[in-house]
Amino acid sequence: MEYDVLLKNAIASGKTQWVRDLLENSLCELDSPNINYQDWFTKAIRVMEERGLIEPSQQKNYLTNIRGAIKLLNPNHPALAVIRFNKETWIGINNKDNDRIAQRITKLLTNPEAIVNKAISLISSHLWTNIAAGLAVLTGRRISEILKSGKFEYKTKYSLIFSGALKRRNESVECIFEIPTLAQADIILEAIARLKQELNHEVENLSLKEVNIKYSRAVSKQCDIEFVGLVPPRYEKDNLYTHLFRAIYATIATHWYCPVTIPEIEYRAAICGHYQILDEKNPELRRSLAASRNYFDYKIADETGNIDGRLGIKLNMPGVKVIEQFSYAIAQKEESTSEKQGCDATLTLPRQDFPSSCTSANSINEQMQPESISLVNNSQNKKYNMIQHTQQIPSFLIPRLEIIAKKLDLSETEAIQIMFNWMEMGLALTKVLEIEEFNPHFLYNNIEQMKSELNFLRISESDQRSNGGRKSDGTSDFTQPTATRAHSEATSELRFDKTSFKHQNEILKSQQTPQFNGNSVEDLCTSVKVLSELLSQQLGLGRHSGIISQGKDHKPSERWSQKSKSVFTEKEQILPPSTRQEINNDHNDSVFLEENNANINATSSVVASPAPIKKNKKEETVHQAIDAVMEYNNKEGRVHHDKWFINVSSLRSLTGRGDKLIGRVLQQRQAEVEQHNELHNLTSRHNCRGRFSPSIQDVISF
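The following block contains the structure:
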């Protein structure tokens, strides 16, 4: 009896008379024991063709109607797996249907931050329509998923675990996946709880379809009111709600959180739960499926009105993490990206080709395998790991490696060894010179500061020579010889340090098994720090107060002698014993002493360097720089990309002051600076920009 009722309802669901006739004559056959589902499907298609419905695009709506009738008999009827168009046919239908997808014009979002800020303000409202509209933007979820089927759990500061989205065709398997959120996850969970609390008594006994019918129209109307002017409609008579929870959310989330190594389509499919796209291997079919899901309806616009193709611009924000589905796959995606750039070969370098001086990691040395350098075609070796078995160099880097090897007159393997050496040198310099980040730009700025201090010393010497050794009031400067000796001794120390570098390098080369690792490089680089301190001490700039200035206890030459001696002793203790012995031998060499004496005599007429700037004035310069950066960041309308993170490096570039001085000022204003950086979502990596981008000095003056 129950089956007869279901059959009657299924037949009545036909939207045209001929469909109802077809269902009445043949629908019950689907439950016959010997039925062939493919024959039944072919018969139904033949009926459509006899009515002039030749193309699949003409047949699709009627086929959907027939499948709906079958589902009324049994939602999991085995015939549903056969009575349907295959994937390729559906792709062809979607691409051909009035050329809707091919001719779709992408709309540009000029201010995604404003869209998100509007949504955040809406979820704090007391109106349930406002809350639902805001959540559509911030989570990409429908009202029925939020109220009825969906479950949301906290994952990270900017992501949730979402469950409750049923797969297509009403399959009973539940989708559970991580979704990034465009606002902090905790405030979104609080808004969802308030929305459910207000409407739960109304939706408790409603189906998903009934929830959509009852609430979607009101939410759509509210979206049109709140987001008009921020989100351009796709068509003249178009509501924004569908696009807000689908295309707008995915577009902004991808722009903010998608790693650059992950294909955009794949990331969008993952956060929307579109597993049909993720499972499709054919890239053309994947793109067509993505187009049918409105993936390309919207793009982010840059300041010039062009498409901003950047991905993951907020991954450096505090608390932002790559969703777990892609966190482990980034390295593999980097390899696949290099393959897609049209490179057909990969340079394979065996680990055993690298001498032990390349690395201090014993685990790597243990895995070395005897194998020669070779070019491996990617078609023969599609799957490889850059860490296991062999050292793989992406093919797009091979030309650069060849150029470096040619300039150094080395093999590719030897060139890579040199690059490892320089990498370790850079890491040690970063640590010893107290540079906050391992970034060539910061290291360059630090060295440039040292050079500028040395140039200042030379200019001062030149000015003093031109003054004839007299002060501005015409009187003689009786401290001249003493200051000259101090400068000459400093110059000798500099020459001595250069000699120590030379001797240490010769010792490393002479060893049969060089121990060129992080520790030895750090020892070497400590001498560089000593050099920079000596320069700063001579000038009264940077790391220490002036050492040539007058004092009560010692004459200038005595103070300089004591200071340089202590610094030299410290440097001597840092170097390896064998190196110290070589340096001591060289220091006693008569030629070196004669050269040193000659330098002292040659500069005997130099006037003492100007007195150093007072500490309070130096600190005031740093304070002014901090205020200038804050004022720049706080300016209304300033986009996030153009703002600057306040730290030692940025203030060094802006003021030219030493790191210790800047650090002292930052410590005084620590709470204020941290609050400012956090307010604008700024981290130290935010200042890492392209070489052609304007520097902080170019945009901020004080």
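At the far end of the sequence shown sits residue 749, using my numbering, and the numbering has no gaps. For glycine and all other residues, C-beta sits at the position ideal for the given N, C-alpha and C.
Query, Result
"Per-residue burial, Pro159 [other beta carbons within 10 Å of its own, 16 or more giving buried]", "buried"
"Exposure of His688, with buried meaning 16 or more beta-carbon neighbours within 10 Å", "exposed"
"Pairwise C-alpha distance: Leu255 and Leu194", "9 Å"
"9 Å Cβ cutoff, Thr136 in contact with chain B", "The structure shown contains no chain B, having only a single protein chain."
"Per-residue DSSP class, three states only, for Ile170", "helix"
"Under the three-state DSSP convention, the category Thr529 falls into", "Interpretation of Thr529 is limited by its pLDDT of 43, a score under 50 that renders its predicted location unreliable; no figure is taken from the coordinates."
"Of the residues His723, Lys55, Ser696, Arg716, the one placed nearest Cys735, counting alpha carbons only", "Ser696"
"Where the alpha helix (DSSP H) through Lys256 begins and ends", "255–273"
"Closest residue to Trp137 among Gly320, Thr111, Lys118 (Cα-Cα distance)", "Thr111"
"Ile463, buried or exposed, once every other Cβ within 10 Å from all chains shown has been counted against 16", "buried"
"Through-space distance from Ile354 to Lys690, alpha-carbon basis", "21 Å"
"Euclidean distance between Cα positions of Val220 and Gly211", "For Val220, the pLDDT reaches just 46, beneath the cut-off of 50, and the residue's location in the model is therefore unreliable, leaving the point undetermined."
"Reference Trp175; option with closest CA among Asn247, Gly115, Trp469, Gln106", "Asn247"
"Buried or exposed (CB count within 10 angstroms, at least 16 for buried), Ile101", "exposed"
"Leu455 versus Leu474: straight-line alpha-carbon distance, rounded", "22 Å"
"Through-space distance from Ile309 to Lys380, alpha-carbon basis", "The predicted position of Lys380 is uncertain, since its pLDDT is 48 and thus under 50; no value can be drawn from it."
"Backbone CA spacing between Tyr314 and Ala300 [nearest angstrom]", "9 Å"
"Under the three-state DSSP convention, the category Ser210 falls into", "strand"
"Distance, Leu120 Cα to Leu185 Cα", "38 Å"
"Residue interval of the alpha helix (DSSP H) (run including Thr111)", "103–120"
"Tyr296, enclosing alpha helix (DSSP H) - first and last residue", "296–304"
"Straight-line gap, Asn681 to Gly703 (C-alpha atoms, nearest Å)", "23 Å"
"Local Cβ density within 10 Å of Asp344, reported as buried at 16 or more and exposed below that", "buried"
"Beta-carbon contacts of Ile190 that lie in its chain and below 8 Å, excluding the five residues immediately before and after", "Ala179, Ala183, Val258, Asn259, Tyr262, Ser263, Val266"
"Between the CA atoms of Gln231 and His733 - distance to the nearest angstrom", "20 Å"
"Minimum C-alpha distance to Ile272 - residue among Asn177, Glu200, Arg293, Gly187", "Asn177"
"Between the CA atoms of Val52 and Gly61 - distance to the nearest angstrom", "15 Å"
"6 Å Cβ shell around Ile140 - same chain, five flanking residues per side excluded", "Pro103, Ser104, Lys107"
"Ala57 beta carbon less than 9 Å from that of Tyr84", "no"
"Backbone secondary structure at Glu225 - three-state DSSP", "strand"
"Buried versus exposed call for His302 [16 or more other C-beta atoms within 10 Å across all chains shown]", "buried"
"Burial state of Asn81 (16 or more Cβ within 10 Å)", "exposed"
"Cβ pair Tyr205, Tyr304 closer than 9 Å", "yes"
"Segment limits, alpha helix (DSSP H) that includes Thr89", "84–97"
"Residue environment, Ser700, which counts as buried when at least 16 other CB atoms sit within 10 Å", "buried"
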